[in-house]
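Residue numbers (the numbering used here), protein chains in the order written: chain G, 1 to 392; chain D, 1001 to 1397; chain Z, 2001 to 2238.
If you want it as structure tokens, here you go:
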């Protein structure tokens, strides 16, 4: 008798347990299950926006040092990493026959100087002759006038004078020509010397050698760089910022620079220049950020992450940005009031660096707003509020 | 009249319930199988819904971006944006790749999107939306990533700032959302060795490294590393315009392929997972047959064990209807227990599956009807055997 | 004798033509209400066939059977008088088997009450009837027990109660004492006698149990399909 009752009880219990499990399962999954959500309240805070971009370390002033004409490199005097001073010899091109040409022009100039001397001597001679001829001519003219000599003699002397004068003029012209020659040859010599000097590549400014693109013996064309220099004190970061998140960018903003080589170290800097042209292809604005104290051993071309902190708004209504949803083309939030959900369109203002977003209108302080949810919500969603959803 | 079936079940309920549980686990497997299929379909739908787009613009003559590779210029969206009826248009990239997480690699679909534009995850499970334009990620919770963790995609580290849910590719890979520019870079960024060897190859090409043209090599190298491609443009249609009309405009004037939501669903569900669906359908049929066979065997064996009692019952005047009813009720009872256990077990183990398993109530209803019908059919074998029992065998041994 | 059972010229032939076997040949029997008769005979003598014919599970070939004053079978007039043999067995014939053959999933009361229930009587009345019988058979204290919890003798008593449940005019007992020792076997016979007189039922006991044969007042011997009536020692049960 007892056993039978136990059996029946056990059966009923088992059945009830199964049924309870079934009901629980139905309630937990499927359309009847509530959506778990987290809720927060609209509060007042001071959201401070932040701009973030990546940049590349560049030198403000960099120099390409190369020959002005094609030629072969004869000598490279410095190597990558060397610190050079303005005017220092960096490299030299092979002069080929330039030295010989220089010697030839020097010799020609010397000869021209000699020619000038010769011409000057001839001029002096001609001048002396003309004076003698002039004196003679004058004396014979007197004598002829007095009739002491025949007029033919007088005319002969006058003719001699004219001849001496012509000779003098000739000598003067020869001297002038010789002088011109001398100028010309001097100029040629100077030119050759200039060319020779131009083959010596000198540092245009103090700087650091960053590349050595040609070695002795290699041929380079005009304008090709043999060495590259940067001015070591002019490193800055070329920052690229997404156009749609660059509002508030201005010169002088403090910047936090994190170099890729030292991710743990934040370097201080400020926006030094904002370029007027932005990159239309990548849709980025470009700005230069200088270091407050240039770091040592930074490499040009290194990537840097830059955070700019903008002045925020005081005592604004804020929400976590995860609360913002898109629905029917509108931005809004799900507000929970009196156990009912309603979608309220809002206007969002600035975004804070902490993930908060300023609410310009649509909500008031203290409104309960859904932040996270397991699923997309609709008006009649049943919700269950939890403190945090999985994964966090 | 008392219920003979009920009394029999009550008498050997332990055996009965255990048998029902065994059957239930089998039914649970069947329900799960159906759930796997529903989950695949639902994943596809959710993928489309959560991208928030009305139109998918992809490379001409492709069925991208989910079913086929598609590559279009990343400024294509500007042209699309200028079309009437377009409210929003944004580029997206999709690429399945390994995401480094600690010491392990997770396979994930990396999605590049423009924050605030279509393609952004519709809701978050935890954390926040992207704030910076670079190196932040929102991950599907199935990736196993946690908030604040750093993951590595190709060459860059990303911080996980938000978690979402139900965002998986059609292949079941969980998604990781990163800013579009990073994704573009990641998609086409080669590893360092490849870059170096490519540069060497370019430098060795006399046409590209001409002595008389300084700077050409640098220009060529730079041109090679820049990528201006995306996989698709997601379009949101403005009020008053229909998706189909806008899609037609795009197809006609932009020389790009445009799919509306319905067409995309068709591609994803009818084409991409069609084979899997058939595979699962086949499995379902087999499982149903196996379940039916098992119910039939169980009921048949249970009946054979009661042949003597049935003979006695018949001898003392029990009608065939009563005996058949007893067996039928037992089969149905077994089916009921099996269904309940199956539904419970399927619901319990469904979340443990790596891919989403969707147990639809309508499917459960259908399964219930099928289970009952199958049990009823399966019991006919036993009923036939029982009706064939000769009451005379009770007399004289 | 209007009540009880009467059999006249009952024959049963299995098969046809050359291979036909006559299992029963012109059997005649007559048992009055309240009377307990023995039916004995060696194996293959036809006693099981006779029992099956009496129990309306196989159809005789010829002859006539009258049960409680009503003809239930007449070979000359179309065989069974009713189509519903099950109802006939349920309402008019009680069965006691060699083993008790209780329905294992019903408790003692319901095993007995099942017959009235099958006959369409309300559950309450059926159970009351069952309890009454169980009391008469002295097993009422096990009314809620499962058959598997009973001893052999108790089970047999419950099966007797079941045979009596619908107050049939005749009870067929097939080797009811075979598995029992002599003391219990005699106890069963005593109960049968007591019940026969108490409920005015004719009881045919098929047996070859030497222990109980001497207790019958009347014994039908069956040999090669024919019966021979003889007066037993009839010393009854002391």
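Think of the CB as a built atom: it goes at the ideal place given N, C-alpha and C, for glycine as much as any other residue.
Residue i versus residue j - alpha carbon distance
i, j, result
"residue 978 of chain D", "residue 1328 of chain D", "With chain D running from 1001 to 1397 in the structure shown, residue 978 of chain D is simply not present."
"residue 2031 of chain Z", "residue 14 of chain G", "54 Å"
"residue 2067 of chain Z", "residue 2053 of chain Z", "13 Å"
"residue 1229 of chain D", "residue 1250 of chain D", "18 Å"
"residue 1061 of chain D", "residue 1267 of chain D", "13 Å"
"residue 85 of chain G", "residue 205 of chain G", "6 Å"
"residue 121 of chain G", "residue 229 of chain G", "57 Å"
"residue 202 of chain G", "residue 301 of chain G", "25 Å"
"residue 1104 of chain D", "residue 1145 of chain D", "11 Å"
"residue 1191 of chain D", "residue 1269 of chain D", "35 Å"
"residue 270 of chain G", "residue 233 of chain G", "16 Å"
"residue 1118 of chain D", "residue 329 of chain G", "10 Å"
"residue 1347 of chain D", "residue 253 of chain G", "56 Å"
Residue i burial status per 10 Å Cβ neighbour count (16 or more: buried)
i, result
"residue 339 of chain G", "exposed"
"residue 2166 of chain Z", "buried"
"residue 325 of chain G", "buried"
"residue 227 of chain G", "buried"
"residue 1384 of chain D", "exposed"
"residue 2014 of chain Z", "exposed"
"residue 358 of chain G", "buried"
"residue 1151 of chain D", "buried"
"residue 334 of chain G", "buried"
"residue 190 of chain G", "exposed"
"residue 2157 of chain Z", "buried"
"residue 1369 of chain D", "exposed"
"residue 1027 of chain D", "buried"
"residue 1137 of chain D", "buried"
Chain-order list of residues whose beta-carbon lies under 8 Å from that of residue i (same chain, five-residue window excluded)
i, result
"residue 312 of chain G", "46, 47, 48, 49, 350, 352"
"residue 2091 of chain Z", "2119, 2166, 2168"
"residue 109 of chain G", "182, 185, 186, 188, 189"
Distance CB(residue i)-CB(residue j) smaller than 7 Å
i, j, result
"residue 225 of chain G", "residue 64 of chain G", "yes"
"residue 1129 of chain D", "residue 321 of chain G", "yes"
"residue 1306 of chain D", "residue 1391 of chain D", "no"
"residue 209 of chain G", "residue 78 of chain G", "yes"
"residue 1293 of chain D", "residue 1031 of chain D", "no"
"residue 272 of chain G", "residue 246 of chain G", "no"
"residue 307 of chain G", "residue 72 of chain G", "no"
"residue 2044 of chain Z", "residue 2010 of chain Z", "no"
"residue 2135 of chain Z", "residue 2100 of chain Z", "no"
"residue 119 of chain G", "residue 168 of chain G", "no"
Close Cβ partners of residue i (< 6 Å) along its chain, the five nearest in sequence each way excluded
i, result
"residue 1375 of chain D", "1295, 1331, 1332, 1335"
"residue 2145 of chain Z", "2108"
"residue 1056 of chain D", "1232, 1259, 1264"
"residue 2035 of chain Z", "2202"
"residue 2039 of chain Z", "2047, 2204, 2206, 2220"
Same chain only: Cβ atoms within 7 Å of residue i, ignoring 5 sequence neighbours per side
i, result
"residue 2162 of chain Z", "2111, 2112, 2115"
"residue 68 of chain G", "198, 222"
"residue 1020 of chain D", "1334, 1337, 1338, 1341"
"residue 2178 of chain Z", "2098, 2209"
"residue 216 of chain G", "73, 74, 75, 76"
"residue 2079 of chain Z", "2059, 2073"
Per-residue contacts from residue i into chain C (C-beta, under 7 Å)
i, result
"residue 1017 of chain D", "Judged by its chain identifiers, the structure shown contains no chain C, and its protein chains are G, D and Z."
**Request:** Could you run through the stretch 1293-1321 of chain D and flag, in chain order, every residue whose CB is less than 9 Å away from some CB of chain Z?
**Result:** Residues are counted here when their Cβ sits less than 9 Å from a Cβ of chain Z; for the stretch 1293-1321 of chain D these are 1306, 1308, 1309, 1311, 1312, 1313, 1314, 1315, 1316, 1317, 1318, 1319, 1320, given in chain order.
**Request:** Closer than 9 Å, Cβ to Cβ, to anything on chain D: give me those residues from the stretch 2100-2113 of chain Z, in chain order.
**Result:** Of all residues in the stretch 2100-2113 of chain Z, 2101, 2102, 2103, 2104, 2105, 2106, 2107, 2110, 2113 have a Cβ within less than 9 Å of some Cβ in chain D.
**Asked** Which of the residues in the stretch 2201-2222 of chain Z, read from start to end, lie with their CB under 7 Å from any CB of chain D?
**Response** If you check each beta-carbon in the stretch 2201-2222 of chain Z against every beta-carbon of chain D, none falls closer than 7 Å.
**Prompt:** In chain order, what residues of the stretch 1097-1115 of chain D put their CB closer than 7 Å to some CB of chain G?
**Reply:** Listed by position, the residues of the stretch 1097-1115 of chain D near chain G (Cβ gap below 7 Å) amount to none.
**Message:** Along the stretch 2038-2052 of chain Z, where does the CB come closer than 8 Å to a CB of chain D? Name the residues.
**Reply:** Residues are counted here when their Cβ sits less than 8 Å from a Cβ of chain D; for the stretch 2038-2052 of chain Z these are 2048, 2051, 2052, given in chain order.
**Request:** For the stretch 2126-2150 of chain Z, enumerate the residues whose C-beta is nearer than 8 Å to any C-beta of chain D, in chain order.
**Result:** The residues in question are 2146.
**Request:** Taking a Cβ distance cut-off of 7 Å, strictly less, list which residues of the stretch 1344-1373 of chain D are near chain G, in chain order.
**Result:** Taking 7 Å as the Cβ-Cβ cut-off against chain G, the residues of the stretch 1344-1373 of chain D that qualify are 1344, 1347, 1359, 1361.
**Request:** Could you run through the stretch 46-73 of chain G and flag, in chain order, every residue whose CB is less than 8 Å away from some CB of chain D?
**Result:** Within the stretch 46-73 of chain G, the residues whose Cβ lies closer than 8 Å to some Cβ of chain D are 50, 52, 53, 54, listed in chain order.
**Prompt:** What residues in the stretch 350-369 of chain G have a beta carbon less than 9 Å from any beta carbon of chain D?
**Reply:** Flagged, chain order: 351, 352, 353, 354, 355, 356, 357.
**Prompt:** Closer than 8 Å, Cβ to any Cβ of chain D: which residues of the stretch 325-336 of chain G, in chain order?
**Reply:** Correct list: 325, 326, 329.
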